[in-house]
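**Student:**
So this is what it looks like as structure tokens:
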């Protein structure tokens with residue numbers, strides 16, 4: 001009898017020990033299986049446009065739900081204040097200056113599908129590493145990192161050449177030229193200038209011809225003919241590209257095939273949502289990465305009738321609320337397939353809202369809350385501080401807020417490590433794995449210094465002084481706002497990075513963001529005892545950072561960004577590029 005009781009208690013103890021050993025494994029699904037990743041990126045969305053970041057007039061219940069059920073970052077910083085360089089940094093975990101994806105000139109983004117610049121083939125995206133780990137990888141929406149290099153079909157910069165198994169969306173970016181009812185947006189000032197030059201040349205040619213006919217001017221007809229030919233060539237040289245922006249840039253591709261040229265904007269939103277949900281459903285039985293790169297909330301603010309006129313902030317507010325609804329539809333698809341506990345969802349914007357984007361009295365750009373500046377401004381917080389939200393039920397705590405400096409580049413090592421991959425060791429990776437910070441196993445971000453570029457020009461540096469909690473930010477260059485007293489460069493539409501439109505500061509403007517997040521009160525040696533120490537530490541960090549930079553081909557050079565007919569994606573026989581291979585009958589009722 002005694003022996004039986006001992007055996008009984010021994011079994012109970014063994015069972016208890018086994019259960020305790022098994023419990024950590026059961027509560028950490030990331031250890032026993034590769035999680036899915038759904039990365040949601042808005043376009044031009046300001047941090048002040050989202051409810052959980054303080055906006056109480058634009059309704060974003062689904063994005064707010066992510067924050068309630070996950071972790072919200074309040075100091076999430078993009079590596080660049082414009083689309084192309086920011087997205088290059090996001091996908092590679094590296095400052096865009098390292099890959100040649102930031103500009104030395106004023107053309108700071110990919111300008112044409114028919115340009116030769118783009119994300120270099122020797123850059124390794126997180127999608128490529130996850131693909132090697134057995135993931136299905138998909139990109140739905142905006143790319144804006146180039147298409148071809150040397151000929152129309154080499155597709156060297158295409159998403160499928162950078163680790164994505166599936167692509168549906170725009171290889172370029174949404175612009176107002178894509179919608180016939182809107183004023184042209186692309187290179188508007190340049191177009192006005194060349195049109196004026198064309199009129200002047202035409203006038204000179206006509207005057208010369210009439211003068212020759214009337215005998216008032218003694219000139220050979222050969223000269224008149226040569227002048228007329230020059231006028232024609234000048235007109236064709238710019239109108240062949242800028243006169244057909246809608247056909248050259250506003251296209252939809254499915255993998256390598258052009259399916260809409262030009263795109264049918266009335267159904268784009270529905271198709272992108274359909275493709276996103278379909279990708280989740282197709283890949284629910286294996287690990288997948290979905291990068292949903294929204295066309296919202298970039299102009300011309302494509303918004304379906306269901307949401308028009310529903311917000312209190314005009315068309316921009318309508319567009320943001322529609323994007324939030326799309327986020328909700330994607331979350332519902334994840335929940336419907338029972339994937340929520342094995343899926344890390346991330347939401348962010350590529351940079352701050354575009355303050356200067358206006359048409360008459362209509363404000364078509366975003367709002368950056370209390371933060372100074374906006375899109376295209378490399379130093380001011382409004383251009384680079386963005387929403388950043390992570391949700392992973394059972395792995396990440398719900399309702400947590402982290403005030404530490406983090407970067408859009410941090411997604412790179414975070415996703416790779418969770419997928420069981422290895423970060424490349426043959427290059428500098430500027431991102432840091434966020435999981436210890438998100439799970440609360442460490443209190444501070446690994447970032448001590450973050451460098452804020454405008455093009456290839458270093459405008460500001462952030463120093464996270466961890467022992468004191470101070471977050472210092474030194475501005476070496478700032479844009480000149482116009483008109484005086486305004487918060488942006490309304491005279492230009494974009495703030496420049498160099499030249500007459502900026503001011504250089506020596507000593508730099510210094511702020512403590514932990515006390516002055518809106519950067520309204522610059523410090524000096526008279527008002528801040530640590531001023532000299534902070535500047536010395538910052539300049540030492542700049543020197544060390546610059547030693548890690550190497551010369552690379554400039555992907556956004558003037559030659560690379562100009563339109564080249566032989567590189568233009570075309571669904572017909574160039575230049576007769578027109579097609580609609582999707583058809584209304586394929587539109588699912590979403």
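Numbering (our numbering), first residue to last: 1 to 590.
All C-beta atoms, glycine included, are put in the ideal place defined by N, C-alpha and C.
Please read these numbers as outputs of a predicted model, since none were measured by experiment.
1. CA-CA distance, residue 293 and residue 174?
2. Could you check how far apart the C-beta atoms of residue 41 and residue 348 are, in whole angstroms? I think they sit under 8 angstroms.
3. Per the DSSP calculation, residue 453 is bridged to which residue(s)?
4. Nearest CA to the CA of residue 66: which residue from 425, 296, 306, 388?
5. Tell me the rounded alpha-carbon separation between residue 530 and residue 472.
6. Thinking C-alpha only, which one of 33, 440, 47 is nearest residue 353?
7. So the candidates are 43, 363, 139, 49; which of them puts its Cα closest to the Cα of residue 371?
8. Please give me, in chain order, every unbroken run of the alpha helix (DSSP H) with length at least 4 that falls completely inside the stretch 150–238.
9. With distances taken from CA atoms, which of 252, 205, 449 is nearest residue 543?
10. Just to confirm the assignment, what range does the beta strand (DSSP E) spanning residue 323 have?
11. How is residue 64 classed by DSSP in three states: helix, strand or coil?
12. Compute the distance between the beta-carbons of residue 369 and residue 452, then report whether it is under 7 angstroms.
13. Roughly how many angstroms lie between the CA atoms of residue 287 and residue 417, to the nearest whole one?
14. Entirely within the stretch 456–538 and at least 3 residues each: give me those beta strand (DSSP E) ranges in chain order.
15. Count the other CB atoms, across all protein chains shown, that sit within 10 Å of the CB of residue 79; report buried if there are 16 or more and exposed otherwise.
16. Looking only at its own chain, which residues have a Cβ that is under 8 angstroms from the Cβ of residue 144, when we skip the five neighbours before and after it?
17. Three Cβ pairs or more, each shorter than 8 angstroms: is that satisfied between the stretch 89–106 and the stretch 425–432?
18. Drop a sphere of 10 angstroms on the beta-carbon of residue 35, count the other beta-carbons inside from all chains shown, and report buried for 16 or more, exposed for fewer.
19. Mark residue 274 as exposed unless 16 or more other C-beta atoms lie within 10 angstroms of its C-beta, in which case mark it buried.
20. With a CB to CB cut of under 6 angstroms and the five nearest residues on each side skipped, what residues in its chain are close to residue 412?
21. What residue range is occupied by the uninterrupted beta strand (DSSP E) comprising residue 651?
22. Our contact map puts residue 251 next to residue 258 with C-beta atoms below 8 angstroms; I'd like the distance itself, whole angstroms only.
23. Between the Cα of residue 39 and the Cα atoms of 186, 235, 331, which residue gives the shortest distance?
24. Looking only at its own chain, which residues have a Cβ that is under 6 angstroms from the Cβ of residue 218, when we skip the five neighbours before and after it?
25. Please list, in chain order, all residues of the same chain as residue 303 whose beta carbon is under 6 angstroms from its beta carbon, the five residues on each side excluded.
26. Roughly how many angstroms lie between the CA atoms of residue 512 and residue 235, to the nearest whole one?
27. Any idea if residue 447 is buried or exposed, counting beta-carbon neighbours within 10 angstroms, 16 or more meaning buried?
28. Which partner residues does residue 121 have in the DSSP bridge list?
29. For residue 482, I'd like the list of residues in its chain whose CB is within less than 7 angstroms of its CB, leaving aside the five on either flank, ordered along the chain.
30. Less than 7 angstroms between the beta carbons of residue 115 and residue 560, yes or no?
31. Between residue 128 and the ligand NAP, is the CB less than 6 angstroms from at least one heavy atom?
32. Would you mind sorting residue 576 into buried or exposed? The rule is 16 or more other CB atoms within 10 Å of its CB.
33. Take the Cβ of residue 225 as the centre, count every other Cβ of all protein chains shown within 10 Å, and call the residue buried at 16 or more, exposed below.
34. Pull up the distance between the alpha-carbon of residue 267 and that of residue 289, whole angstroms please.
35. Go to residue 388, then tell me how far its beta strand (DSSP E) extends in each direction, as first and last residue.
36. What does the alpha-carbon distance come out to for the pair residue 177 and residue 33?
**Tutor:** Working from what's here:
1. Their backbone Cα atoms lie some 12 angstroms apart in a straight line.
2. Confirmed, Cβ separation roughly 6 angstroms.
3. Bridge partners of residue 453: 458.
4. Residue nearest to residue 66 within the set 425, 296, 306, 388 is 388 (criterion: CA-CA distance).
5. So the two alpha carbons sit approximately 10 angstroms from each other.
6. Considering only alpha carbons, the answer is 47.
7. Cα-wise, what sits closest to residue 371 is 49.
8. Within the stretch 150–238, the complete alpha helix (DSSP H) runs of at least 4 residues are 188–214.
9. Out of 252, 205, 449, 449 has the C-alpha closest to the C-alpha of residue 543.
10. Element bounds for residue 323: not the beta strand (DSSP E) but the alpha helix (DSSP H), 314–336.
11. Residue state, collapsed to three classes: helix.
12. In this structure, residue 452 does not lie closer than 7 angstroms to residue 369 by Cβ.
13. When rounded, the distance between both Cα atoms is 14 angstroms.
14. Correct list: 457–465, 470–479, 502–512.
15. Classification of residue 79: buried, given that the 10 Å Cβ count is 16 or more.
16. Excluding sequence neighbours, residue 144 sits near 83, 84, 87, 109, 110, 170, 171, 172, 173.
17. The answer is yes - the stretch 425–432 touches the stretch 89–106, with three or more Cβ pairs under 8 angstroms.
18. Buried, by the Cβ-count rule.
19. So residue 274 ends up on the buried side.
20. Correct list, in chain order: 93, 126, 431.
21. Since the first and last residues shown for the chain are 1 and 590, residue 651 lies out of range.
22. Between residue 251 and residue 258 the beta-carbon gap is near 6 angstroms, inside 8 angstroms, which marks them as a contact.
23. Among 186, 235, 331, the Cα nearest to that of residue 39 belongs to 331.
24. No residues qualify anywhere along the chain.
25. Excluding positions up to five away in sequence, the list reads 318, 319, 322.
26. Cα to Cα, residue 512 sits roughly 53 angstroms from residue 235.
27. Taking all protein chains shown into account, residue 447 has 16 or more neighbouring C-beta atoms within 10 Å of its C-beta and is therefore buried.
28. Looking at the DSSP assignment, residue 121 forms no beta bridge with any residue, so it has no partner.
29. 489, 490, 491, listed in sequence order.
30. In contact: residue 115 and residue 560 (Cβ atoms closer than 7 angstroms).
31. Absence of the ligand NAP is noted for the structure shown, with no ligands found whatsoever.
32. Exposed.
33. Exposed, since its Cβ has fewer than 16 Cβ neighbours within 10 Å.
34. Cα to Cα, residue 267 sits roughly 25 angstroms from residue 289.
35. For residue 388, the uninterrupted beta strand (DSSP E) segment begins and ends at 385–391.
36. Spanning the two alpha carbons is a distance of roughly 45 angstroms.
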